[in-house]
Amino acid sequence: MNEKMRDRRRSVARERGRRRAGLVFVAVLVIAAVGLFLWLRSSDVFAVERVTATVTEHVGQEQIAVLAEQALGVSLLRLSTDSIREDLLGLTYVRSVEVHRRFPDTLDIRLVEYEPFARLKDQDGRVWLVADDGRVLESVRPPRGVGLPLVVYEGSLTLVVGETLPDAIVASLPAVTLAAADDFHKDLAALERIVVSATGTVKLLLKGGTELRLGEPYGLERKLMVAKDIFQQYLRDGRQIEYMDLSMPERVAVRAG
Numbered sequence: 013m014n015e016k017m018r019d020r021r022r023s024v025a026r027e028r029g030r031r032r033a034g035l036v037f038v039a040v041l042v043i044a045a046v047g048l049f050l051w052l053r054s055s056d057v058f059a060v061e062r063v064t065a066t067v068t069e070h071v072g073q074e075q076i077a078v079l080a081e082q083a084l085g086v087s088l089l090r091l092s093t094d095s096i097r098e099d100l101l102g103l104t105y106v107r108s109v110e111v112h113r114r115f116p117d118t119l120d121i122r123l124v125e126y127e128p129f130a131r132l133k134d135q136d137g138r139v140w141l142v143a144d145d146g147r148v149l150e151s152v153r154p155p156r157g158v159g160l161p162l163v164v165y166e167g168s169l170t171l172v173v174g175e176t177l178p179d180a181i182v183a184s185l186p187a188v189t190l191a192a193a194d195d196f197h198k199d200l201a202a203l204e205r206i207v208v209s210a211t212g213t214v215k216l217l218l219k220g221g222t223e224l225r226l227g228e229p230y231g232l233e234r235k236l237m238v239a240k241d242i243f244q245q246y247l248r249d250g251r252q253i254e255y256m257d258l259s260m261p262e263r264v265a266v267r268a269g
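Going by the numbering used here, the sequence shown opens with residue 13, and the numbers climb by one from there.
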């Protein structure tokens, strides 16, 4: 065997040796890291000692504290943030939650609350606060919520706090925002209430008595734009509109006094 062949074999053997040593070293590091993680996970080194939370208006800090109490004393490495998040989402006014581990000993809770968007009056005359996505927030008595738009549902309705309104009512809620917008509000009379029929058709009752019949709750922005233009024309002529049927915005029926 010539010298070059022997050198080549020695070089290959050394390379294999280095690779084996490298693999052994990596394996030792992995085992050590896993062992350290398991030890830290079972120890109180990263045990939760503090819980911080967003300052909230509708969700009581004591409610947050009760649900987060389960985390105290538990290692941040072992703690299930998903469980705490799901518990907090069960609170009526909680819209979204983020739960963060802040090493070495803090659990940080970030909440976004629902805001009351409108009042809903049911067939029994009870008034409820609802969110913009139709979530039922709570039953109230005046003066709570008096400044919010009023939606009246003419059908039979059983409401449960924390659940969502029927689709027919949810679909009508964008009319609240559109009717209150500056470009509509300055040209149309102020909104008195929104009425949703049992079949899901929508009409707006404006202060002064004008009734805007919007029909099915689609194309609401277009319908209100048409209503604004017609309203301005009649006002220039000094005439009061009793009702405007915008169910088909391309063929509007108007009755004026």
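Think of the CB as a built atom: it goes at the ideal place given N, C-alpha and C, for glycine as much as any other residue. Because the structure is a prediction, the values reported are computed rather than measured.
- The stretch 111 to 125 makes contact with the stretch 76 to 95, as at least three CB pairs between them are under 8 angstroms.
- Take the alpha-carbon of Ala59 and the one of His70: they are about 30 angstroms apart.
- Here DSSP, grouped into helix, strand and coil, assigns Glu125 to strand.
- Residues Leu200, Ala201, Ala202, Leu203, Glu204 and Leu224 of the same chain have their beta carbon placed closer than 8 angstroms to that of Leu218, with the five preceding and five following residues left out of the count.
- Ranking Arg107, Val67, Asp120 and Thr104 by CA distance to the CA of Glu81 puts Asp120 first.
- The beta carbon of Leu132 sits closer than 6 angstroms to those of Trp140, Val142 and Val163, all from its chain and outside the five residues before and after it, given in chain order.
- Annotation: the continuous alpha helix (DSSP H) that includes Arg248 extends over Leu232 to Arg248.
- The three-state secondary structure of Asp257, taken from DSSP, is strand.
- Burial state of Ser108 is exposed, judged by a 10 Å Cβ sphere holding fewer than 16 other Cβ atoms.
- For Ser95, the uninterrupted alpha helix (DSSP H) segment begins and ends at Thr93 to Leu101.
- If you draw a straight line from the Cα of Val152 to the Cα of Asp179, it comes to about 22 angstroms.
- From the listed residues Val67, Ala77, Phe129 and Arg251, the smallest Cα separation to Glu61 is found for Ala77.
- Taken in chain order, the stretch 125 to 179 contains no complete alpha helix (DSSP H) segment of 4 residues or longer.
- Where Val60 is concerned, there is no enclosing alpha helix (DSSP H), because DSSP gives it neither an H nor an E.
- Within a 10 Å sphere around the beta-carbon of Leu84 sit fewer than 16 other beta-carbons, which makes this residue exposed.
- At the C-beta level, Gly269 and Arg251 come within 8 angstroms of one another.
- The straight-line gap separating the alpha-carbon atoms of Ala210 and Pro261 is approximately 22 angstroms.
- DSSP places Thr189 within a helical segment (H, G or I) once states are collapsed to three.
- Taking the Cα positions, Ser95 is about 59 angstroms away from Leu247.
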